[in-house]
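In the order they appear, the protein sequences are chains A and B. Numbering-wise, the numbering used here comes out as the position in the first sequence, counting from 1, plus 13. Numbering-wise, the numbering used here comes out as the position in the second sequence, counting from 1, plus 123. Each residue gets a CB set at the ideal place from its N, CA and C atoms; glycine is no exception.
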Amino acid sequence: MSDSHGLPHLADLAPGDEEVVSVKLRLLGYLIGLGLAVLLTATSFFIAGTDLVWQPSIPVAIIVLAIAQMGVHLVFFLHITTGPDNANNVLALAFGLLIVFLVIAGSLWIMANLNHNMMPMDQIMQMQR
Amino acid sequence: MSMAAVADGHSARVIGLEDAGHPGPAPKRIITGFGFWIFLLSDIVMFSCFFAAYAVLLGQTAGGPSGAELFNLRNVAIETAFLLLSSFACGMASIAAEVRNPLWFQVAMAVTCLLGLGFLVIEFREFADLIARGAGPSRSAFLSAFFALVGCHGLHVSAGILWLLTMMAQVFAKGFRADILRRFLCFALFWHALDIIWVAIFSVVYLLGSAA
């Protein structure tokens with residue numbers, strides 16, 4: 014079809030493609046991504062094993078760090094950015110995230126409700142006896 | 124020229140698209156990449172179902188061991204480092220493909236492959252160790268969900284390594300043709316997405332599991 018066009022720099026970008034052309038800048042982008050990812054990962058592992066932090070804050074901190082790292086991967090490795098040439102990719106991502114949120118939050122909510130309203134399993138077993 | 128094409132041309136004139144200078148269909152690289160991006164998002168939705176199942180079944184250990192008693196965080200840290208570095212090496216291969224350098228492409232892909240294999244070896248040994256200690260997937264609902272989630276990611280990595288070797292062979296045999304480059308674009312997206320899913324796994328399963 015349009016292979017003769019070569020690499021497109023018209024109006025849209027394929028997911029994973031970058032606008033920057035210079036090799037140095039591309040390399041720099043990957044290095045920044047790697048550095049940030051290492052930093053966030055190291056912080057996560059440190060927080061999980063330390064006593065220096067207020068304990069109840071640890072799960073929240075780990076989840077926040079994980080979401081931040083996923084963002085770093087998206088921007089620096091997959092090159093999903095907020096530029097106008099990336100609008101389609103970002104919209105698809107937003108829809109995917111909506112479904113992910115509904116599935117996870119919905120499952121947790123429904124099952125917590127179920128567990129709350131249901132008799133403990135050992136009592137049910139006794140009633141059946 | 125078919126009737127449909129004529130009708131299309133007519134309607135375009137009526138709507139005024141021609142005057143607006145509509146650029147026409149997007150290049151194939153964008154269409155392929157976008158289609159694969161949609162597939163990846165559906166894959167992530169599938170993983171979210173496994174995550175939901177894991178979160179729901181987290182406490183259902185049936186008197187068996189919980190995550191905190193089983194997980195070895197040192198191994199997980201090594202796995203994480205391997206997968207992150209392999210994602211970076213895959214980025215290097217992307218740059219090499221962009222500047223059409225076959226040597227560096229093959230080197231970067233080989234590094235990606237070795238790091239991915241290292242990840243799989245550690246994961247396989249972890250699974251074998253858990254099963255040997257009587258904490259296999261049939262022990263409790265928690266362990267079933269754990270093996271399903273982490274094993275599904277491991278299967279993805281295995282498939283990714285097969286795909287990686289195919290890409291190395293295709294670039295070696297056919298060079299940087301446009302269709303090969305499109306396939307490599309999809310592979311790079313796949314490999315980086317696997318790393319994103321691993322971030323969720325090591326945070327939610329291993330770190331939260333050992334902290335709680």
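Contact with chain A by residue i, beta-carbon distance below 8 Å
i               : result
I201 of chain B : no
S209 of chain B : no
F174 of chain B : yes
F162 of chain B : no
A220 of chain B : no
G156 of chain B : yes
V168 of chain B : yes
L253 of chain B : no
S379 of chain B : With chain B covering only 124 through 335, there is no way to say anything about residue 379 of chain B.
S171 of chain B : yes
Partners in chain A for residue i, counting only beta-carbon separations shorter than 7 Å
i               : result
H315 of chain B : H86, F90 and L91
G214 of chain B : Y43 and F90
Any C-beta of chain B under 8 Å from that of residue i
i               : result
I75 of chain A  : yes
I71 of chain A  : yes
A61 of chain A  : yes
D135 of chain A : no
P97 of chain A  : no
G48 of chain A  : no
T94 of chain A  : no
Residue i - DSSP class collapsed to helix/strand/coil
i               : result
L65 of chain A  : coil
T235 of chain B : helix
Q183 of chain B : coil
M131 of chain A : coil
L26 of chain A  : coil
S35 of chain A  : coil
G42 of chain A  : helix
G332 of chain B : helix
T95 of chain A  : coil
F265 of chain B : helix
S134 of chain B : Low confidence applies to S134 of chain B: its pLDDT is 45, below 50, so where it sits in the model is not reliable, and the reading given next is rough at best. If DSSP states are grouped into helix, strand and coil, S134 of chain B belongs with the helices.
S70 of chain A  : helix
F299 of chain B : coil
A55 of chain A  : helix
Whole-angstrom distance between residue j and residue i, CA atom to CA atom
i               : j               : result
Y43 of chain A  : L87 of chain A  : 11 Å
G295 of chain B : T203 of chain B : One point to set straight first is that residue 295 of chain B is Phe, not Gly, in the sequence displayed. In a straight line, the C-alpha of F295 of chain B is about 30 Å away from that of T203 of chain B.
I137 of chain A : M131 of chain A : 9 Å
W67 of chain A  : L330 of chain B : 16 Å
D98 of chain A  : S267 of chain B : 43 Å
R152 of chain B : A220 of chain B : 14 Å
F59 of chain A  : Q141 of chain A : 49 Å
G147 of chain B : L193 of chain B : 57 Å
F108 of chain A : L47 of chain A  : 27 Å
Nearest-angstrom beta carbon gap, residue j and residue i [assumed within contact, 8 Å]
i               : j               : result
Q293 of chain B : I303 of chain B : 5 Å
Cross-chain neighbours of residue i in chain B, by beta carbon under 7 Å
i               : result
V66 of chain A  : Within chain B, no residue comes near V66 of chain A; the closest Cβ sits about 10 Å away, beyond 7 Å.
Q82 of chain A  : V322
M124 of chain A : V179
Interface partners of residue i on chain A, CB under 9 Å
i               : result
I319 of chain B : Q82, M83, H86, L87, F90 and L91
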